[in-house]
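Worksheet: one structure, shown below.
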Amino acid sequence: MTRNWNDIKWIFEPDGSLRDIYVQDVTIFDWEKLIDFLNSNYKIKFGEEENKQIDKEYAIKYLKDETGEMESKALKIDFNEINFHCYFFLPDQIEFDIDPKKIKTINDFESIEKFMVSISKTLKNQVSLTEENSPEFPLFKIDFEKDLNIVLTEREVEE
C-alpha cells in the first residue's frame with residue numbers, strides 16, 4: 191500500500207509524549223505466543239542484564255503476580271533503528287511505546303507498520319497505534335485477519 195508521508199507525519203510530531211501500540215483483550219496464552227515470536231524474530235534486550243531473549247517464564251510469572259513484589263523488567267526491541275519498549279503492565283493488554291521524535295520518514299512509518307502487521311498476524315488480533323495512554327482512540331490500526339489497515343488523517347481526527 192502506497193502512502194503519502196505528508197498525510198501521516200502529523201501523528202509523529204513531537205509533543206513531549208510517546209506513541210503507544212496496543213493489543214487489547216489478550217490472554218496469557220497470547221503473551222506466550224508473542225514472547226516466542228519476538229524471541230525468534232527481533233533483536234531484543236530484556237531487563238538490565240543485556241539478555242538477548244525474553245525470559246518467558248519470568249515474564250509470565252510477573253504478569254500473573256498479585257503480590258507486586260517481583261522486579262519489573264523492560265523489553266526493548268530494536269527494529270530498523272526504531273526502539274519499541276514493553277513493560278508487561280497488564281495480563282489482558284499488550285502495550286509497546288515508541289518515541290515519535292525517531293519517526294521522520296515514510297520508511298520509519300513502514301517499519302512500524304511491518305512490526306504491527308507481524309504482531310497482528312501472530313496473535314490474530316487488532317493492533318492499534320495511539321497517542322500516549324489513549325487506547326480507546328486509535329490513530330492507526332491493523333487487523334491482519336480482517337484485512338484492515340487504516341491510518342486516520344489529521345482532518346478526520348479534528349471532525
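First residue of the sequence shown: 191, per our numbering; consecutive thereafter. Positions of the beta carbon are idealized from the N, C-alpha and C atoms, including for glycine. Being a predicted model, the structure only gives us computed values, none of them experimental.
Asked, Found
"Have a look at the DSSP bridge pairing and note the partners of residue 334.", "Bridge partners of residue 334: none, in fact."
"Would a C-beta distance cut-off of 8 Å place residue 288 and residue 270 closer than the cut-off?", "no"
"Look at residue 197 and residue 343 and say whether their C-beta atoms are less than 8 Å apart.", "yes"
"Please confirm whether residue 282 and residue 210 have their CB atoms less than 8 Å apart.", "no"
"Taking 8 Å as the cut-off, decide whether the C-beta atoms of residue 213 and residue 309 are in contact.", "yes"
"Taking residue 321 as part of the beta strand (DSSP E), name the residues at either end of that continuous run.", "317-321"
"Between residue 299 and residue 202, what straight-line distance do the alpha-carbon atoms span, to the nearest angstrom?", "9 Å"
"Which residue marks the beginning of the alpha helix (DSSP H) containing residue 222, and which one marks its end?", "218-231"
"Near residue 307, what residues of its chain come up, given a Cβ to Cβ distance below 7 Å and the 5 sequence neighbours on each side ignored?", "332 and 334"
"Between the Cα of residue 278 and the Cα atoms of 205, 349 and 218, which residue gives the shortest distance?", "218"
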